[in-house]
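Asks: Here the sequence shown is numbered in full-length UniProt numbering, starting from 1 and rising by one per residue. Please read through the structure below; I'll follow up with questions.
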Amino acid sequence: MKQIQPNKLFVASCLALLVTSLSFGIRAGILGQLGVQFHLSGQELAIITGTAFWGFPLAVVIGGFIVDAIGMKRLLVAAFLLHLIGILLTICTPWFASGFWPLFISTLFIGMANGTVEAACNPLVATIFPDNKTTKLNHFHLWFPGGIVIGSLIVFFLNQVNIGWQIQVATMLIPTLIYGFLFLKLDFPVTERVAAGVSNSQMYRSIASPLFIFIFICMFGTAITELFTNQWIEILLKNVTEYGLLVLALTAGVQVLGRAVAGPVVHKMSPTGVLLASAIFSALGLYMMGSMSGTMLFVAAVIFGIGITYFWPTMLGFVSENIPESGALGMNLVGGAGMFAVSVYTFFMGGFYDSIIAKNLPAGASLDTYRSATPGTAEATAFQQAQAVAGPEIINVTLVIPVILIVAFAGLFFYMRGKKKQTLHTQTA
C-alpha cells in the first residue's frame, strides 16, 4: 500500500523548482559574459534565452496531457534527467567550436526540464493540499524568486572573486541531485482529477469555457511582465546602473517575502483583487525602472517586485479553484501559455534592442564592430551609451502590457464578485 507523505513531497517539489529558478537567475547573471566570450549578438542571446521559454511550454503542455496517464513520479524523473543533461552540456560549451548551438541545445533541455517540473508539481501541490490550493501554490512558487535571489547573488559574489561562469552553472547540480534522489524514493498520489473521477470530455469542455480562455490569454501578459523583465534586467540596465544584478535580486527577494505571507493576502483580497493590485504595482514599477536612475531604481525594484509577486501562482490557483474540472491539463496549459508568450516576446525584443542600439550609433556604423570594440575606446564608449538608451526604451515598451492587464483584471474582479453574489442569492432563495 502506498504511503503518501505530503510534506516530504512538498519539500522535494520546492527543491525541483529551486533548480528551475536557479537556471533563470544564473543565466540572467552570466548572459553578458556568454555574449562576450562566444561573440553573440543581442538577437542570438535572445534566441538562446527564448529557447528556455518555449522549451518550457513544450514540456508543460505535453506533460499536462500525459500526467494523468503516466503519473507524476515518472514526469519528475524525466525532469531530473533533463536538468542533469542540460546543466552538464552548458558547462561543456567551451569545448565546442561554436558557442551558439551548445548553449541553444542545453538551454532547450533545461527549459524542457523546467516545464516538466511545473507539469508535475503544480497538480501535485493542488492534490496533496486540496483545501488550501492557492496559498500552498504561492508557498511552492516562492522558491522561484527565491532561486533567482540565490542565483543572482551566486553570480555577483563569484564574479567578485573571479570564479568563472562554468562553476556558477555547476552549483545547480547540488539541488538537482538531491531532488532526483528524493523523488525516486517517495510514493505519489494520483492526480486530483483522476481521484475525483472527472471524465476527459468534462475536462476538455472546461478548457473551452470563456472564463478559461480569458485567463489563458491574460497569462500571456502576466508571464511577460514578470519573466521577460527579470531575465533581461541585467542587460537592460547594464549601462544605467552597475548593480543590475542586485536590482534583480531585490525584486526577487520581495517576491519571496510576498509569497511566504500569501495566505492572509489572498483570503483578505480574493484572487481577483490580488491580480488587479498586482497589475497596478507592476505598471508603476516598470514605469519607474524605465524613467529613473540611481538609488530610485531600487525603489522601483521593490514596487515592481510587489506587483509580480502573486501573478503566476494566483493565476494557477484561480484555474484550480474556479475551473477544477480542467485538472492538471488546465493548470499546465495556462503555465505553458505564459512561457510560450515570453519566448515569442523575447525573440522580437532581442532584435528590437539591437535596432535601437544601431539607431543610436554614428550613421553607417557597423553594430558588430562597435559590440566587439576594445574597452576604453571611443567605439566602446559609444556602444555603452547606445545600450544605456536602448534598455529603458525596451522597459517602456513592455509597460504597455501591465496597463492592459489593469483593465482586464478590473473586469474579472467585478465579474467574479457579481457571480459570487448571484450564487449566494440563489442559495438563500
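The beta carbon of each residue, even a glycine, is placed where N, CA and C say it ideally should be.
Exposed or buried, which one is Trp101 when buried takes at least 16 other CB atoms within 10 Å?
Replies: Taking the first residue of the sequence shown as 1, we reach residue 101 at position 101. Under this definition Trp101 is an exposed residue.
Asks: For Phe104 and Ala78, what's the separation of their Cα atoms in angstroms?
Replies: The sequence position of residue 104 within the sequence shown is 104, counting from 1. The sequence position of residue 78 within the sequence shown is 78, counting from 1. Those two C-alpha atoms are separated by around 20 Å.
Asks: Near Ile178, which residues of its chain fall below 7 Å by C-beta distance, leaving aside the five closest residues on each side in sequence?
Replies: Position 178 of the sequence shown, counting from 1, holds the residue named residue 178. If we look at Ile178 and ignore the five residues flanking it on each side, its Cβ neighbours are Leu15.
Asks: Kindly indicate which residue of Leu89, Ala279, Arg27, Cys121 has the alpha-carbon position closest to the one of Met219.
Replies: In the sequence shown, counting from the first residue as 1, residue 219 sits at position 219. Checking every option, the nearest Cα to that of Met219 belongs to Ala279.
Asks: How close, in whole Å, do the beta carbons of Gln231 and Ala28 come, if the pair is a contact with beta carbons under 8 Å?
Replies: Walking along the sequence shown from the start, residue 231 turns up at place 231. Walking along the sequence shown from the start, residue 28 turns up at place 28. Indeed they touch by this definition, with Cβ atoms about 5 Å apart.
Asks: Would DSSP call residue 433 helix, strand or coil?
Replies: The structure shown has nothing for residue 433, since the chain only spans 1 to 429.
Asks: Would Gly330 and Ile207 qualify as a contact pair, given that the criterion is a beta-carbon distance under 8 Å?
Replies: As a position in the sequence shown, residue 330 is number 330, starting the count at 1. As a position in the sequence shown, residue 207 is number 207, starting the count at 1. The answer is yes: Cβ separation under 8 Å.
Asks: In three-state terms, what does DSSP make of His39?
Replies: For the purposes of this step, residue 39 is taken as residue 39 along the sequence shown, with counting starting at 1. If DSSP states are grouped into helix, strand and coil, His39 belongs with coil.
Asks: Over what stretch of residues does the alpha helix (DSSP H) that includes Trp95 continue unbroken?
Replies: Taking the sequence shown and counting its residues from 1, the one referred to as residue 95 is at position 95. Per DSSP, Trp95 belongs to no alpha helix (DSSP H) and is neither H nor E.
Asks: Can you say whether Ser366 is buried or exposed, counting buried as having 16 or more other CB atoms within 10 angstroms of its CB?
Replies: Numbered from its first residue, the sequence shown carries residue 366 at position 366. Per the 10 Å Cβ criterion, exposed.
Asks: Going along the chain, which residues of its own chain have a beta-carbon closer than 6 Å to the beta-carbon of Thr20, five neighbours each way excluded?
Replies: As a working mapping, residue 20 is identified with position 20 in the sequence shown. These residues qualify, in order along the chain: Asn114, Val117.
Asks: Within 10 Å of its beta-carbon, does His141 have 16 or more other beta-carbons around it, so buried, or fewer, so exposed?
Replies: For the purposes of this step, residue 141 is taken as residue 141 along the sequence shown, with counting starting at 1. So His141 counts as buried.
Asks: Write down the C-beta distance between Gly180 and Leu18 rounded to the nearest angstrom, noting that I regard them as a contact closer than 8 Å.
Replies: Counting from one through the sequence shown, the residue named residue 180 turns up at place 180. Counting from one through the sequence shown, the residue named residue 18 turns up at place 18. Between Leu18 and Gly180 the Cβ distance is about 13 Å, and since that is not below 8 Å, they are no contact.
Asks: What residues in its chain sit with their C-beta under 7 Å from that of Val334, if we drop five residues either side in the sequence?
Replies: Stepping through the sequence shown from its first residue, residue 334 is reached at position 334. For Val334, where only same-chain residues beyond five positions count, the Cβ hits under 7 Å are Ile215, Phe216, Met219, Met315, Leu316, Val319.
Asks: Taking only the alpha-carbon atoms, compute the straight-line gap between Val190 and Gly71 and give it to the nearest angstrom.
Replies: For the purposes of this step, residue 190 is identified with residue 190 of the sequence shown, where counting begins at 1. For the purposes of this step, residue 71 is identified with residue 71 of the sequence shown, where counting begins at 1. Roughly 7 Å separates the two Cα atoms.
Asks: How many angstroms separate the CA atom of Leu361 from the CA atom of Ser372?
Replies: For the purposes of this step, residue 361 is taken as the residue at position 361 of the sequence shown. For the purposes of this step, residue 372 is taken as the residue at position 372 of the sequence shown. Whole-angstrom Cα-Cα distance: 14 Å.
Asks: When you compare only the Cα positions, how much space is there between Ser326 and Ser270?
Replies: For the purposes of this step, residue 326 is taken as the residue at position 326 of the sequence shown. For the purposes of this step, residue 270 is taken as the residue at position 270 of the sequence shown. Their backbone Cα atoms lie some 21 Å apart in a straight line.
Asks: Does the distance from the C-beta atom of residue 432 to that of Thr346 stay below 8 Å?
Replies: Since the first residue of the chain shown is 1 and the last is 429, residue 432 is not available in this structure.
Asks: Any idea what DSSP makes of Thr135, helix, strand or coil?
Replies: Numbered from 1 along the sequence shown, position 135 holds the residue referred to as residue 135. In this structure, Thr135 counts as helix in the three-state DSSP scheme.
Asks: How many whole angstroms separate the CB atoms of Gly290 and Pro402, which I take to be in contact at a CB cut-off of 8 Å?
Replies: As a working note, residue 290 is residue 290 in the sequence shown. As a working note, residue 402 is residue 402 in the sequence shown. Actually they do not touch by this definition, with Cβ atoms about 12 Å apart.
Asks: Of the choices Val299, Lys136, Ala382, Val247, whose alpha-carbon is the least far from that of Phe281?
Replies: The residue labelled residue 281 in the question sits at position 281 within the sequence shown. Per the Cα distances, Val299.
Asks: Please look up how many angstroms separate the CB atoms of Gly336 and Val61, rounded, as I've assumed it's under 8 Å.
Replies: For this step, residue 336 is matched to residue 336 along the sequence shown. For this step, residue 61 is matched to residue 61 along the sequence shown. Between Val61 and Gly336 the Cβ distance is about 4 Å, and since that is below 8 Å, they are a contact.
Asks: Contact between the segment 82 to 92 and the segment 105 to 112: three or more CB pairs below 8 Å?
Replies: Output reads yes: the segment 105 to 112 touches the segment 82 to 92.
Asks: With respect to the alpha helix (DSSP H) encompassing Met288, which residues constitute its N-terminal and C-terminal limits?
Replies: Counting from one through the sequence shown, the residue named residue 288 turns up at place 288. Looking at the DSSP string, the run of the alpha helix (DSSP H) that includes Met288 is 271 to 291.
Asks: Which residues in the same chain as Tyr370 place their Cβ atom closer than 7 Å to its Cβ, once the five residues preceding and following it in sequence are excluded?
Replies: Position 370 of the sequence shown, counted from the first residue, corresponds to residue 370. Leu361, Glu379, Ala382, Phe383.
Asks: Give the range of the alpha helix (DSSP H) segment to which Asp354 is assigned.
Replies: Within the sequence shown, the letter at position 354 stands for residue 354. Where Asp354 is concerned, the enclosing alpha helix (DSSP H) stretches over 327 to 359.
Asks: Give a yes or no on contact between the segment 300 to 311 and the segment 257 to 271, applying the rule of three or more CB pairs nearer than 8 Å.
Replies: Yes, they touch.
Asks: Just the Cα atoms here: how many angstroms apart are Val323 and Met416?
Replies: The count along the sequence shown starts at 1 and reaches residue 323 at position 323. The count along the sequence shown starts at 1 and reaches residue 416 at position 416. The amino acid at residue 323 is misidentified as Val; the sequence shows Ile. Near 13 Å, if we compare the C-alpha coordinates of Met416 and Ile323.
Asks: Please classify Tyr310: does DSSP put it in a helix, a strand, or coil?
Replies: Looking up residue 310 in the sequence shown gives position 310. Correct three-state label for Tyr310: coil.
Asks: Let me know the secondary structure DSSP gives Val261 once reduced to three states.
Replies: Translated into the one-based positions of the sequence shown, residue 261 becomes position 261. Looking at Val261 - three-state DSSP - the assignment turns out to be coil, as it is neither helix nor strand.
Asks: What are the start and end residues of the alpha helix (DSSP H) that includes Leu153?
Replies: Residue mapping note: residue 153 aligns to position 153 of the sequence shown, counting from 1. Residues 143 to 160.
Asks: On the criterion of 16 or more Cβ atoms from any shown chain inside 10 Å, does Gln422 qualify as buried, or is it exposed?
Replies: Walking along the sequence shown from the start, residue 422 turns up at place 422. Per the 10 Å Cβ criterion, exposed.
Asks: Cα separation between Phe194 and Ala328?
Replies: Within the sequence shown, numbered from 1, the residue matching residue 194 stands at position 194. Within the sequence shown, numbered from 1, the residue matching residue 328 stands at position 328. Just to set this straight, residue 194 is Val in the shown sequence, not Phe. Going from the Cα of Val194 to the Cα of Ala328 covers about 10 Å.
Asks: Buried or exposed: where does Cys92 fall if 16 or more other Cβ atoms within 10 Å of its Cβ makes it buried?
Replies: As a working mapping, residue 92 is identified with position 92 in the sequence shown. Exposed, because fewer than 16 other Cβ atoms sit within 10 Å of the Cβ of Cys92.
Asks: Assuming Ile167 and Leu158 make a contact with CB atoms under 8 Å, what is their CB distance in whole Å?
Replies: To locate residue 167, count along the sequence shown from 1; it is residue 167. To locate residue 158, count along the sequence shown from 1; it is residue 158. Ile167 to Leu158, Cβ: 7 Å. Contact.
Asks: Have a look at Gly273, Ile394, Lys419 and flag the residue whose alpha-carbon is nearest the alpha-carbon of residue 483.
Replies: This structure leaves residue 483 out entirely; the chain is present only between 1 and 429.
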